[in-house]
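Line order of the protein sequences matches chains A and B.
With the first letter of the first sequence counted as 1, position 9 gets the number 9 in my numbering; the numbers rise by one all the way through.
Position in the second sequence (first residue = 1) + 111 = my numbering.
Using N, Cα and C, we set each Cβ at its ideal position, and we do this for glycine too.
Please read these numbers as outputs of a predicted model, since none were measured by experiment.
In what follows, a single structure is set out as structure tokens and then discussed.
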Amino acid sequence: GIQVEQSPPDLILQEGANSTLRCNFSDSVNNLQWFHQNPWGQLINLFYIPSGTKQNGRLSATTVATERYSLLYISSSQTTDSGVYFCAVVGPGASGSRLTFGEGTQLTVNP
Amino acid sequence: AAGVIQSPRHLIKEKRETATLKCYPIPRHDTVYWYQQGPGQDPQFLISFYEKMQSDKGSIPDRFSAQQFSDYHSELNMSSLELGDSALYFCASSANGFGGGDQPQHFGDGTRLSIL
């Protein structure tokens, strides 16, 4: 099946700093989503971005499907941005429409 | 906007007991998915249904079964519960079409299952 690798695994920032999270995937994708899992366990949809660039407030994402990677940018980070960020993809063919998740990036934003 | 509804939010069971988790997808979404997230792990796909028919199956134990009903809600039934079944169980839905996979999946808040 498709492989998803996220980096870095852990990231510690001071409030106000910017960061870039990366997601590499091993095959073409029909779907790519970024999620934020908050301390209560909720998976919050950030972006649906199988290709191209999107922005939502302080967050933006870019997927270069031909090179098989996606980037999530967080600007002016806040303590409420803390949590785990997951990239998840739907691979081609026999994998159907199941999402395969990366192992996540644990982000801690300190005041 | 309506979201995916899961119940219960928390469930505590003992070993060898049974549990039933429920999921109500977003209206007019035709595909329902179940995922399991163990402590410190990423979510793992269990099973999915398109228009009430099983459409894909992942690493779901034989002790687990699931179905989607005529009103599109889905239930995950778990029997002979083991300590290792303690996890966060997510349901998601999408407006995909069979095997499409190109529409976003929307997740519920999850059911936290604890086995004592």
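Assign residue i to one of two classes, buried (16 or more other C-beta atoms within 10 Å of its C-beta) or exposed (fewer than that).
| i | result |
| --- | --- |
| residue 40(A) | exposed |
| residue 180(B) | exposed |
| residue 215(B) | buried |
| residue 167(B) | buried |
| residue 194(B) | exposed |
| residue 77(A) | buried |
| residue 18(A) | exposed |
| residue 50(A) | buried |
| residue 74(A) | buried |
Going by C-alpha to C-alpha distance, which of the options sits closest to residue i?
| i | options | result |
| --- | --- | --- |
| residue 104(A) | 127(B), 120(B), 151(B), 128(B) | 151(B) |
| residue 64(A) | 11(A), 10(A), 16(A), 22(A) | 22(A) |
| residue 222(B) | 139(B), 164(B), 202(B), 127(B) | 202(B) |
| residue 155(B) | 169(B), 213(B), 132(B) | 169(B) |
| residue 115(B) | 227(B), 224(B), 226(B), 204(B) | 204(B) |
| residue 90(A) | 75(A), 61(A), 107(A), 48(A) | 48(A) |
| residue 176(B) | 118(B), 135(B), 224(B), 131(B) | 131(B) |
Where does residue i fall in DSSP's three states?
| i | result |
| --- | --- |
| residue 125(B) | coil |
| residue 1(A) | coil |
| residue 52(A) | strand |
| residue 153(B) | coil |
| residue 186(B) | strand |
| residue 112(B) | coil |
| residue 72(A) | strand |
| residue 199(B) | strand |
| residue 99(A) | coil |
Locate the beta strand (DSSP E) running through residue i, then write down its first and last residues.
| i | result |
| --- | --- |
| residue 168(B) | 164–168 |
| residue 206(B) | Looking at the DSSP string, residue 206(B) is not in any beta strand (DSSP E), and its letter there is neither H nor E. |
| residue 83(A) | 83–90 |
| residue 22(A) | 19–25 |
| residue 223(B) | 222–226 |
| residue 116(B) | 116–118 |
| residue 36(A) | 31–37 |
| residue 13(A) | 10–14 |
| residue 40(A) | That residue, residue 40(A), is in no beta strand (DSSP E); it is neither H nor E in DSSP. |
| residue 108(A) | 105–110 |
| residue 59(A) | 59–64 |
| residue 80(A) | Segment: none, residue 80(A) is in no beta strand (DSSP E) and carries neither H nor E. |
| residue 176(B) | 175–179 |
| residue 194(B) | Premise fails: residue 194(B) is in no beta strand (DSSP E) and is neither H nor E. |
| residue 148(B) | 142–148 |
Quick one: list the residues of chain C neighbouring residue i, beta-carbon separation under 9 angstroms, in chain order.
| i | result |
| --- | --- |
| residue 121(B) | Among the protein chains in the structure shown, which are A and B, there is no chain C. |
Next item on the list: Give the residues from the region 74–92 of chain A that approach chain B closer than 9 angstroms (Cβ to any Cβ), ordered along the chain.
Entry: Residues passing the 9 angstroms Cβ filter: 84, 86, 88, 90, 91, 92.
Note to self: For the region 140–155 of chain B, list every residue whose C-beta sits within 9 angstroms of some C-beta in chain A, in sequence order.
What the structure shows: Of all residues in the region 140–155 of chain B, 142, 144, 146, 148, 152, 153, 154, 155 have a Cβ within less than 9 angstroms of some Cβ in chain A.
Check: Which of the residues in the region 19–35 of chain A, read from start to end, lie with their CB under 7 angstroms from any CB of chain B?
Finding: 30, 31, 33
Item checked: Residues from the region 43–54 of chain A in contact with chain B, defined by Cβ distance under 8 angstroms -> Those residues of the region 43–54 of chain A that come within reach of chain B (Cβ to Cβ, closer than 8 angstroms) are 43, 45, 48, 50.
Note to self: Please identify, using Cβ separations under 8 angstroms, the residues of the region 154–175 of chain B that lie next to chain A, in order along the chain.
What the structure shows: 154, 155, 156, 159, 166, 167, 169
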